[in-house]
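There are 2 protein chains.
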Amino acid sequence: MNTPASFNVATDIVVFTIRADTLNVLLIERAGQPFKGSWALPGGFLNNDEGLDQCAARELAEETGVGDVYLEQLASFGDPGRDPRGGVVSVAYFALVPADEHALRAASDAASARWFAFDDLPELAFDHAVILHAAHARLKAKLDYSTIAFCLLPAEFTLSNLQTVYEIIKAETLDKRNFRKWVLALDVLQETGEKRVEGAHRPAMLYREKNPGTIKIIR
Amino acid sequence: MNTPASFNVATDIVVFTIRADTLNVLLIERAGQPFKGSWALPGGFLNNDEGLDQCAARELAEETGVGDVYLEQLASFGDPGRDPRGGVVSVAYFALVPADEHALRAASDAASARWFAFDDLPELAFDHAVILHAAHARLKAKLDYSTIAFCLLPAEFTLSNLQTVYEIIKAETLDKRNFRKWVLALDVLQETGEKRVEGAHRPAMLYREKNPGTIKIIR
DNA sequence: GTTGTTAGTGTAGTATATACACTTACATGT
DNA sequence: ACATGTAAGTGTATATACTACACTAACAAC
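Spelled out as structure tokens, the structure:
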């Protein structure tokens, strides 16, 4: 057996949030080669003394200022031609940012970080379009069997807010009564007792998660 | 930004099969350091000119003679201490071998390859115990929402064979009538017309998949 | 006080999942 | 040829989960 090839290992993170009733993805404009000036997923190279999860969290914080959010490993991508420099294997992650935390920061190797509507994306560098669609598929699937969607909302939210998240990601409208019945039967929400007055209409009850940050797997 | 660290990237494959009504896993005895003499998952280093899936399939064939089986990426593992040599990131896969194909081969860097009962495993090298249990969890979960279990059976099988696979992996007994109703309602099987006489009892109808090799996602 | 807008609620029907026991067809042994 | 043992094969009733569907309530704005 001959000596194994060397690779650079990167993490790339698909960061989702909800803004203005659309699903948004965080992209950075590449400051360096290759694909200088192109939009790409935030991410960067793994260091010797850190784990993959740690690397993803660090790069996310460094490049975009996003921290302390839901972060899950998605899949790895290692086709020989995926990076023109060659020898780069990427471990993709996806992250969910609550709808009220949109403060961004640009950093060292990222000229700028920006939110894009998921259905109005620019051309992406590398194989990032593939990664992005894998992340979306995973997110969509997970809505049906977990409470992951709550990570896209602030601590307190209305049932309509939650339904909107589902409708946006699944790209279909849901029946209001059936949705509420379903979500309340999960037994993961509690009423705050407060109401939110938000326009020229009846105020909505506010809810919060019973165990904030806990993802419940359904069925 | 400083120059990125170098890694060796490996694939490790959790190969499942059914033997003698138990779930079995394929392990190799390590011929070289580290963990020389220990049991480990088959796998090996990624070459520069191949993709991850390709690497997993190649290593599986080289080390164990297993080829042309269901192979799916599981997850990646990259904790700094997972390999004493350091700097090794592993992309884990799992594979399903039909119950009738058990011919194994030992190769270059594997002293020997052997099937182990899943609930009677030896100590494993590296973090392979963690990987193995992740693979089992994934397999178990996928039984409920896909037709992946068929990959553990030969081309022709009885409904009892199939039920046994489910019972072994889920580690629970299932009602025969309900199971048959469920699986037939999936509309993925066809009767061969043949029967298998296999003991001092009524012969069982043989079935085959309507679209062999196609994994159907349920729900 | 009228209008517009979203919040909030119930019921009936359909489909799916569960619980449960006996008969059939063969091989084997007498 | 008959009795025995073994796994194959089959149906029905009940409970649970999903679907479809329309009106009233509470507020702001005018």
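Quick mapping for you: the protein sequence lines, in order, are chains A and B.
Residues in the first sequence are numbered from -4 upward in steps of one, following the numbering used here.
Residues in the second sequence are numbered from -4 upward in steps of one, following the numbering used here.
Backbone N, C-alpha and C define an ideal beta-carbon position, used for all residues, glycine too.
In this text the structure is predicted, and so the values were computed from the model without any measurement.
Quick one: is residue i buried, meaning 16 or more other Cβ sit within 10 Å of its Cβ, or exposed?
| i | result |
| --- | --- |
| residue -2(A) | exposed |
| residue 37(B) | buried |
| residue 142(A) | buried |
| residue 180(B) | exposed |
| residue 168(A) | exposed |
| residue 196(B) | exposed |
| residue 32(B) | exposed |
| residue 207(A) | exposed |
| residue 23(A) | buried |
| residue 123(A) | buried |
| residue 103(A) | For residue 103(A), the predicted model reports a pLDDT of 47, less than 50, meaning its position is unreliable; a value from the coordinates is still stated below. Exposed: under 16 other Cβ atoms inside 10 Å. |
| residue 166(B) | exposed |
| residue 58(B) | buried |
| residue 156(B) | buried |
| residue 176(B) | exposed |
| residue 190(B) | exposed |
| residue 90(A) | buried |
| residue 215(A) | As shown, chain A starts at -4 and ends at 214. That puts residue 215(A) outside it, with no answer to give. |
| residue 205(A) | exposed |
| residue 76(A) | exposed |
| residue 108(A) | buried |
Where does residue i fall in DSSP's three states?
| i | result |
| --- | --- |
| residue 120(B) | coil |
| residue 175(A) | helix |
| residue 227(A) | A query on residue 227(A) cannot be resolved here, the shown segment of chain A reaching from -4 to 214 and no further. |
| residue 264(A) | A query on residue 264(A) cannot be resolved here, the shown segment of chain A reaching from -4 to 214 and no further. |
| residue 70(A) | strand |
| residue 185(A) | strand |
| residue 8(A) | strand |
| residue 210(B) | coil |
| residue 55(A) | helix |
| residue 90(B) | strand |
| residue 103(A) | Note that residue 103(A) has pLDDT 47, beneath the 50 cutoff, so the model's placement of it is unreliable and the number below is only indicative. If DSSP states are grouped into helix, strand and coil, residue 103(A) belongs with coil. |
With distance defined between alpha-carbon atoms, name the residue in the options nearest to residue i.
| i | options | result |
| --- | --- | --- |
| residue 12(A) | 176(A), 129(A), 95(A) | 95(A) |
| residue 172(B) | 154(B), 3(B), 28(B) | 154(B) |
| residue 6(B) | 177(B), 53(B), 156(B) | 53(B) |
| residue 211(B) | 146(B), 165(B), 152(B), 162(B) | 146(B) |
| residue 139(A) | 127(A), 69(A), 184(A), 214(A) | 214(A) |
| residue 78(B) | 40(B), 21(B), 130(B), 55(B) | 40(B) |
| residue 242(B) | 186(B), 192(B), 92(B) | Shown here, chain B extends from -4 to 214; a query on residue 242(B) therefore has no answer. |
| residue 192(B) | 204(B), 132(B), 209(B), 152(B) | 152(B) |
| residue 69(A) | 46(A), 14(A), 133(A) | 133(A) |
| residue 67(A) | 56(A), 86(A), 115(A) | 86(A) |
| residue 42(A) | 18(A), 61(A), 4(A) | 4(A) |
| residue 201(A) | 108(A), 119(A), 25(A), 150(A) | 150(A) |
| residue 84(B) | 74(A), 45(A), 110(A), 55(A) | 45(A) |
| residue 185(B) | 203(B), 16(B), 0(B) | 203(B) |
| residue 110(B) | 117(B), 183(B), 20(B), 47(B) | 20(B) |
May I ask you to list the residues that DSSP assigns as paired with residue i?
| i | result |
| --- | --- |
| residue 190(A) | 200(A) |
| residue 14(B) | 17(B) |
| residue 3(B) | 83(B) |
| residue 23(A) | 35(A), 108(A) |
Unbroken alpha helix (DSSP H) runs of length 4 or more, entirely within the stretch 111 to 160 of chain B: which are they?
123 to 140
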